[in-house]
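Undergrad: This is the structure I want to talk about, given as structure tokens.
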Amino acid sequence: MFQVRIHGRGGQGVVTAAELLAVAAFDQGRHAQAFPSFGSERTGAPVVSYCRIDDHEIRTREPIDEPDAVIVQDVTLLHRVDLFGGLAPSGYVLVNSSQPPDGLGLGELVARLPAGHLAGCPATELALAHVGRAVPNVPLLGAFCALTGEVPLDALARALRHRFADEVAERNVAAATAAFGLVHDHEEAHRAPTA
Amino acid sequence: MLQQLEGSRAVAETVARCRPEVVCAYPISPQTHIIEAIGAMVKDGRLAPCEFINVESEYAAMSVSIGASAAGARAYTATASQGLLFMIEAVYNAAGLGLPVVMTLANRAIGAPINIWNDHSDAMAVRDAGWIQLFAETNQEAADLHVQAFRLAETLSVPVMVCMDGFILTHAVEAVDLIDQAVVDSFLPPYEPRQVLDPDDPVSIGAMVGPEAFEEVRYLAHLRQLDALELIPSVAEEFAALTGRASGGLLHPYRLDDAETVIVAMGSVLGTIKDAVDARRATGERVGVLGVTTFRPFPVAAVADALAGARRVIVVEKAFSLGMGGVLATDVATASPASGPELATVVAGLGGRPITRRDVEGVLGRSAQGTLPRLSFLNLDEDVVARERARMAASRRSGPFAENVLRDLAAGGANR
Numbered sequence: 001m002f003q004v005r006i007h008g009r010g011g012q013g014v015v016t017a018a019e020l021l022a023v024a025a026f027d028q029g030r031h032a033q034a035f036p037s038f039g040s041e042r043t044g045a046p047v048v049s050y051c052r053i054d055d056h057e058i059r060t061r062e063p064i065d066e067p068d069a070v071i072v073q074d075v076t077l078l079h080r081v082d083l084f085g086g087l088a089p090s091g092y093v094l095v096n097s098s099q100p101p102d103g104l105g106l107g108e109l110v111a112r113l114p115a116g117h118l119a120g121c122p123a124t125e126l127a128l129a130h131v132g133r134a135v136p137n138v139p140l141l142g143a144f145c146a147l148t149g150e151v152p153l154d155a156l157a158r159a160l161r162h163r164f165a166d167e168v169a170e171r172n173v174a175a176a177t178a179a180f181g182l183v184h185d186h187e188e189a190h191r192a193p194t195a
Numbered sequence: 196m197l198q199q200l201e202g203s204r205a206v207a208e209t210v211a212r213c214r215p216e217v218v219c220a221y222p223i224s225p226q227t228h229i230i231e232a233i234g235a236m237v238k239d240g241r242l243a244p245c246e247f248i249n250v251e252s253e254y255a256a257m258s259v260s261i262g263a264s265a266a267g268a269r270a271y272t273a274t275a276s277q278g279l280l281f282m283i284e285a286v287y288n289a290a291g292l293g294l295p296v297v298m299t300l301a302n303r304a305i306g307a308p309i310n311i312w313n314d315h316s317d318a319m320a321v322r323d324a325g326w327i328q329l330f331a332e333t334n335q336e337a338a339d340l341h342v343q344a345f346r347l348a349e350t351l352s353v354p355v356m357v358c359m360d361g362f363i364l365t366h367a368v369e370a371v372d373l374i375d376q377a378v379v380d381s382f383l384p385p386y387e388p389r390q391v392l393d394p395d396d397p398v399s400i401g402a403m404v405g406p407e408a409f410e411e412v413r414y415l416a417h418l419r420q421l422d423a424l425e426l427i428p429s430v431a432e433e434f435a436a437l438t439g440r441a442s443g444g445l446l447h448p449y450r451l452d453d454a455e456t457v458i459v460a461m462g463s464v465l466g467t468i469k470d471a472v473d474a475r476r477a478t479g480e481r482v483g484v485l486g487v488t489t490f491r492p493f494p495v496a497a498v499a500d501a502l503a504g505a506r507r508v509i510v511v512e513k514a515f516s517l518g519m520g521g522v523l524a525t526d527v528a529t530a531s532p533a534s535g536p537e538l539a540t541v542v543a544g545l546g547g548r549p550i551t552r553r554d555v556e557g558v559l560g561r562s563a564q565g566t567l568p569r570l571s572f573l574n575l576d577e578d579v580v581a582r583e584r585a586r587m588a589a590s591r592r593s594g595p596f597a598e599n600v601l602r603d604l605a606a607g608g609a610n611r
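What follows is the structure in structure tokens.
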């Protein structure tokens, strides 16, 4: 089972992100379960959503305390909310930021996680450029596809076209594809042998 | 067709395929998405003919449902928590009058203290109202139970409540195989009322009944509930033959063969409990699960049968009767076989507190060691409780206890 926890703030599409991820995994013939943290969500308040992906039926209903991946949609949550609690030793972290992880004070995480498992993605900027709204959830999902390989980008694109109509869908696909490209290139560069 | 859907959406789509003619509901979390989706379907004509009636309260929602049902329409509504309590007089009336309204209850705690999260306090508060109460384990079952609910309700002239865990199911997105319209149409014939307000053949419904006949009228309603115990399994079997899905019925036994310890529970927590049971089975422990799908009428004989081989029974329930203990547990005790298994109640998941596989394994471990008390509260913070008891002892004007506990927690337990 692969478990994803998404942290953000009300209005950033945190719940929608988990749902889109579940639909994309379902598209691949896998079992998936997405659910919100069930708070009285308010715009701007910290929000958490969850997504489980497995090759078998998912029966558990408990919140995800030991995620394989954490997506942080809002950097202002860093160092204020326990974002990385229970993260698997070989887990992944994706942060909505154009800054390198070291610059975000995540040096400890960089040291702890395998190389290439922590990435930043300027998701808000990508969303503004492609969708015209500062909602970082979809670019981060594109980046998630590149970082983890858990869900292919074309499955995410189909989930987006299922969820949104026409031009809105295509703009979101473009945003996700751009984010995928950025993280994919970064990962490739990381994997390339260095002298 | 199998789709990845929010639970509320799956229920709304399924209810629409049951062709309700009147839907009247008042929005309340976590039921709202169901009603919004059905309202949209009525508005865009996908659900027709159907009248969606906006009202000012839950009391009116159930009253309109009663009126619609008495006029011969297939009537549906949905609510949760305080909304259910607000309509409770009409809830009893729907049952007492024998009107086959179907209602979704998106289970949520009851205040005070106000709490929007899931537990089963709302369903338990109306367990004696005369409604059939069915509990869904998954969103697939929640959807399927609605088709069976209309069939049961209209066959028996008894209202049916489909209980699904608020947020945990209503807001979860998972795969659901939505039933085909043609299958629903073959399973659910048009509503043929036993009584109807018809100007061409007038009757009055809702007589005042004095001591000369009240007991008999109530006993007739009781007999209809007992009839339901016979009908529910056969309706579930017929449904399974059409869909291949084991939704509904009286009970969902899991790994009960040779089980010495059996956990009894209702609703979505059964999935987590099954995972825990599988883990313990892997280490050789003889444990099993009994899911109660039909809570009212309570399947006394079937529960007795299912627990016949058990030495220990642990009821894990998301509600309790203050000053007494478990509600489901009391019924399980009544149904327990003469062999008299040891019975323990674990109250858990109140007000949305998570129940994890680790928690359930812990309960099984304590039971095996003989250290599980007859009544316990899962993950209760006894220090917080003790500090508030101390504040109450120290000062007459200790203040509101909910606020005190929150302040205590916010201060990291330092506020004494």
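Chains P and F, in that order, are what the protein sequence lines are.
Per the working numbering, residue 1 is the first one in the first sequence, and the count goes up by one each step.
Per the working numbering, residue 196 is the first one in the second sequence, and the count goes up by one each step.
C-beta atoms are modelled at their ideal positions from N, C-alpha and C, and glycine is treated no differently.
The model shown is predicted, which means the values in this text are computed figures rather than measured ones.
(1) Could you name the residues of the stretch 452-486 of chain F whose beta carbon sits closer than 7 Å to any beta carbon of chain P, in the order they occur along the chain?
(2) Mapping DSSP to helix, strand and coil, what is F:S264?
(3) Rounded to the nearest angstrom, what separates F:N610 and F:L601 at their Cα positions?
(4) Check distances from the C-beta atoms of the stretch 52-66 of chain P to those of chain F and list, in chain order, the residues that come in under 8 Å.
(5) How would you write the range of the beta strand (DSSP E) that F:E201 sits in, first residue to last?
(6) Compare the C-beta of F:D360 with all C-beta atoms of chain P and state if any pair is closer than 9 Å.
(7) Quick one: is P:H31 near chain F, going by C-beta distance under 9 Å?
(8) Show which residues of chain F have a CB atom less than 8 Å away from the CB atom of P:F35.
(9) Any idea if F:K513 is buried or exposed, counting beta-carbon neighbours within 10 angstroms, 16 or more meaning buried?
(10) Quick one: is P:A195 buried, meaning 16 or more other Cβ sit within 10 Å of its Cβ, or exposed?
(11) Looking at F:L351: is its Cβ nearer than 9 Å to the Cβ of F:R419?
(12) How far does the alpha helix (DSSP H) with F:I229 in it reach, from first residue to last?
(13) Please give the ranges of any alpha helix (DSSP H) in the stretch 91-153 of chain P, keeping only runs that are unbroken, at least 4 residues long and fully inside the region.
(14) Mind checking if P:A195 is an interface residue toward chain F, Cβ cutoff 9 Å exclusive?
(15) Which value, in whole angstroms, describes the spacing of the CA atoms of F:A235 and F:R204?
(16) Could you give the C-beta distance for F:L445 and F:A497, rounded to a whole number, given that I count them as a contact under 8 Å?
(17) Between the beta-carbon of F:D470 and the beta-carbon of F:R450, is there less than 9 Å?
(18) Just verifying my parser: in three-state terms, what is the DSSP assignment at F:V286?
(19) If I follow the unbroken alpha helix (DSSP H) through F:A337, where does it start and stop?
(20) In chain order, which alpha helix (DSSP H) runs of at least 4 residues are fully inside the stretch 356-408 of chain F?
(21) When the Cβ atoms of the stretch 225-239 of chain F are set against those of the stretch 298-312 of chain F, are three or more pairs found closer than 8 Å?
(22) For P:Y92 and P:T148, which I take to be in contact (beta-carbon distance under 8 Å), what is that distance rounded to the nearest angstrom?
(23) Looking at the structure shown, is F:P428 part of a helix, part of a strand, or coil, going by DSSP?
(24) For chain P, is any of its Cβ atoms less than 9 Å away from the one on F:N610?
(25) Taking contact to mean at least 3 C-beta pairs separated by less than 8 Å, is the stretch 14-31 of chain P in contact with the stretch 155-163 of chain P?
(26) Quick check: what's the CA-CA separation for P:A196 versus P:D74?
(27) For my contact list, F:C358 and F:A318 are in at a C-beta cut-off of 8 Å; report their separation, rounded to the angstrom.
(28) Can you tell me whether DSSP reads P:R161 as helix, strand or coil?
(29) In chain order, what residues of the stretch 146-167 of chain P put their CB closer than 7 Å to some CB of chain F?
(30) Using only the alpha-carbon positions, how far apart do F:K238 and F:I229 sit?
(31) So, are the CB atoms of F:E208 and F:A338 less than 9 Å apart?
(32) Which same chain residues, not among the five before or five after F:P494, have their C-beta less than 7 Å away from its C-beta?
(33) Can you name, in chain order, every residue of its own chain whose Cβ lies under 8 Å from the Cβ of F:G466, other than the five neighbours on each side?
(34) In whole angstroms, what separates the C-alpha of F:D452 from that of F:R440?
(35) State the DSSP-derived secondary structure class of F:G486, mapped to helix, strand or coil.
TA: Result, derived from the coordinates:
(1) S463, V464, G466, T467, K469, D470
(2) For the purposes of this step, residue 264 of chain F is taken as residue 69 along the second sequence, with counting starting at 1. Looking at F:S264 - three-state DSSP - the assignment turns out to be helix.
(3) Your numbering for residue 610 of chain F matches position 415 in the second sequence. Your numbering for residue 601 of chain F matches position 406 in the second sequence. For F:N610, the predicted model reports a pLDDT of 48, less than 50, meaning its position is unreliable; a value from the coordinates is still stated below. Using only the alpha carbons, I get a separation of about 10 Å.
(4) I58, R59, T60, R61, E62, P63, D65
(5) Here residue 201 of chain F is taken as the residue at index 6 of the second sequence, counted from 1. From DSSP, the beta strand (DSSP E) with F:E201 extends over 197-201.
(6) Counted from its first residue, the second sequence places residue 360 of chain F at position 165. Yes, contact with chain P.
(7) Locating residue 31 of chain P in the first sequence gives position 31, counting from the first residue. Cβ-Cβ to chain F under 9 Å: yes for P:H31.
(8) For the purposes of this step, residue 35 of chain P is identified with residue 35 of the first sequence, where counting begins at 1. Result: F362, I363, H366, A367, V368.
(9) Taking the second sequence and counting its residues from 1, the one referred to as residue 513 of chain F is at position 318. Flag for F:K513 reads buried.
(10) Counting from 1 along the first sequence, the entry for residue 195 of chain P is found at position 195. Here P:A195 scores only 41 on pLDDT, less than 50, and its place in the model should not be relied on; the value that follows carries that caveat. With fewer than 16 other Cβ atoms within 10 Å, it is exposed.
(11) Taking the first residue of the second sequence as 1, we reach residue 351 of chain F at position 156. Taking the first residue of the second sequence as 1, we reach residue 419 of chain F at position 224. Closer than 9 Å, so yes.
(12) Taking the second sequence and counting its residues from 1, the one referred to as residue 229 of chain F is at position 34. Looking at the DSSP string, the run of the alpha helix (DSSP H) that includes F:I229 is 227-238.
(13) 107-112, 123-130, 137-148
(14) Translated into the one-based positions of the first sequence, residue 195 of chain P becomes position 195. Low per-residue confidence applies at P:A195: pLDDT is 41, beneath 50, and the placement is therefore not dependable enough to give any value.
(15) Your numbering for residue 235 of chain F matches position 40 in the second sequence. Your numbering for residue 204 of chain F matches position 9 in the second sequence. Taking the straight line joining both Cα atoms gives about 11 Å.
(16) Looking up residue 445 of chain F in the second sequence gives position 250. Looking up residue 497 of chain F in the second sequence gives position 302. Rounded, the Cβ-Cβ distance is 5 Å, consistent with contact.
(17) Within the second sequence, the letter at position 275 stands for residue 470 of chain F. Within the second sequence, the letter at position 255 stands for residue 450 of chain F. Against a cut-off of 9 Å, the Cβ pair of F:R450 and F:D470 comes out as no contact.
(18) As a position in the second sequence, residue 286 of chain F is number 91, starting the count at 1. Correct three-state label for F:V286: helix.
(19) Along the second sequence, one-based indexing puts residue 337 of chain F at 142. Run containing F:A337: 334-351, per the alpha helix (DSSP H) assignment.
(20) 376-382
(21) yes
(22) Translated into positions along the first sequence, residue 92 of chain P becomes position 92. Translated into positions along the first sequence, residue 148 of chain P becomes position 148. Between P:T148 and P:Y92 the Cβ distance is about 5 Å, and since that is below 8 Å, they are a contact.
(23) As a first step, residue 428 of chain F must be located in the second sequence, where it is residue number 233. In the structure shown, F:P428 sits in a helix (DSSP, three-state: H, G or I).
(24) Stepping through the second sequence from its first residue, residue 610 of chain F is reached at position 415. Reliability fails at F:N610, whose pLDDT of 48 lies under 50, so the model's placement of it is uncertain and the value that follows must be treated cautiously. Not one chain P Cβ lies under 9 Å of F:N610.
(25) yes
(26) Nothing can be reported for residue 196 of chain P, as the shown portion of chain P is limited to 1 through 195.
(27) Reading the second sequence from its first residue, position 163 is the one you call residue 358 of chain F. Reading the second sequence from its first residue, position 123 is the one you call residue 318 of chain F. At roughly 5 Å, the Cβ-Cβ gap stays under 8 Å, so F:C358 and F:A318 are in contact.
(28) By 1-based counting over the first sequence, the position of residue 161 of chain P is 161. Of the three classes helix, strand and coil, the one that applies to P:R161 here is helix, per DSSP.
(29) none
(30) One-based indexing of the second sequence puts residue 238 of chain F at position 43. One-based indexing of the second sequence puts residue 229 of chain F at position 34. Rounded to whole angstroms, F:K238 to F:I229 spans 14 Å at the Cα level.
(31) By one-based count along the second sequence, residue 208 of chain F stands at place 13. By one-based count along the second sequence, residue 338 of chain F stands at place 143. Yes, Cβ-Cβ distance for F:E208 and F:A338 is below 9 Å.
(32) On the second sequence, residue 494 of chain F is found 299 positions in, with the first residue counted as 1. So the qualifying residues of the chain are L424, L445, L446.
(33) Position 271 of the second sequence, counted from the start, is the residue given in the question as residue 466 of chain F. So the list reads E332, T333, once near-sequence residues are dropped.
(34) Residue 452 of chain F sits at position 257 when you count from the first residue of the second sequence. Residue 440 of chain F sits at position 245 when you count from the first residue of the second sequence. Using only the alpha carbons, I get a separation of about 22 Å.
(35) Here the question's residue 486 of chain F lines up with position 291 in the second sequence. F:G486 falls in the strand class under three-state DSSP.
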